[in-house]
Every structure is written in structure tokens, then in C-alpha cells.
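>
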Amino acid sequence: ALNLVNTRFGIESDQWTATIYIDNLTDDDTPLLATQFPNFDRFPNVTTAFHVVPRRGRNAGLTLLHRF
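The numbering of the sequence shown is this note's numbering, which starts it at 7 and goes up by one.
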């Protein structure tokens, strides 16, 4: 199951903005994509290859913006 939570918290004034962010707060590792490919090179014992695109893990940071 996918439980993707992103959050942003920030403060600002007339001249600057500070934002703290966390993407994938729950560190959900559900793949973005999973595809199954039959491998006919080994026929009749068909084996299967998989292509999986993993989800990016938890990512946190701080964004600072200054207006001149």
C-alpha cells in the first residue's frame, strides 16, 4: 500500500522566507513501477525477469529565500 506523506513548514517576512520540508515522511518504499517480463531464451522452462523502479527514500531540507 502507498502511504506517501509530504510536509512543508515555513515562516516569512518582507525580505526573506525560510521553509523546512520533508518528502516521503513515512519512508514508504513501495516501488514507483514494477514490470514482469517473460524470458523465452530458456523455453520451455520460462523464467521471468523483473524491472523495478524504487521510490526515493525520505528526503528533508531547508530552503532559504532572500528578496532584495
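Just so it is clear, CB atoms sit at the ideal spot from N, CA and C, and this is done for glycine as well.
Does DSSP put Phe-15 in a helix, in a strand, or in coil?
The residue given as residue 15 occupies position 9 in the sequence shown. In the structure shown, Phe-15 sits in a strand (DSSP, three-state: E or B).
> Cutting at 6 Å between CB atoms, please list the residues of its own chain near Gln-21, excluding the five before and the five after it.
Indexing the sequence shown from 1 puts residue 21 at position 15. Cβ within range, chain order: Arg-73.
> Are the beta-carbon atoms belonging to Phe-15 and Ile-26 less than 7 Å from one another?
Translated into the one-based positions of the sequence shown, residue 15 becomes position 9. Translated into the one-based positions of the sequence shown, residue 26 becomes position 20. Against a cut-off of 7 Å, the Cβ pair of Ile-26 and Phe-15 comes out as a contact.
> Here's a check: name, in chain order, each residue in its chain whose Cβ is nearer than 6 Å to the Cβ of Arg-64, leaving out the five neighbours to either side.
Translated into positions along the sequence shown, residue 64 becomes position 58. Excluding residues within five positions, the ones whose Cβ falls inside 6 Å are Asn-30 and Asp-33.
> My output table needs one value for Asp-47: the three-state DSSP class, helix, strand or coil.
The residue given as residue 47 occupies position 41 in the sequence shown. Helix.
> Among Arg-61, Leu-71, Leu-39 and Leu-70, which one has its Cα closest to the Cα of Val-11?
The count along the sequence shown starts at 1 and reaches residue 11 at position 5. Residue Arg-61 is the option with its Cα nearest to Val-11.
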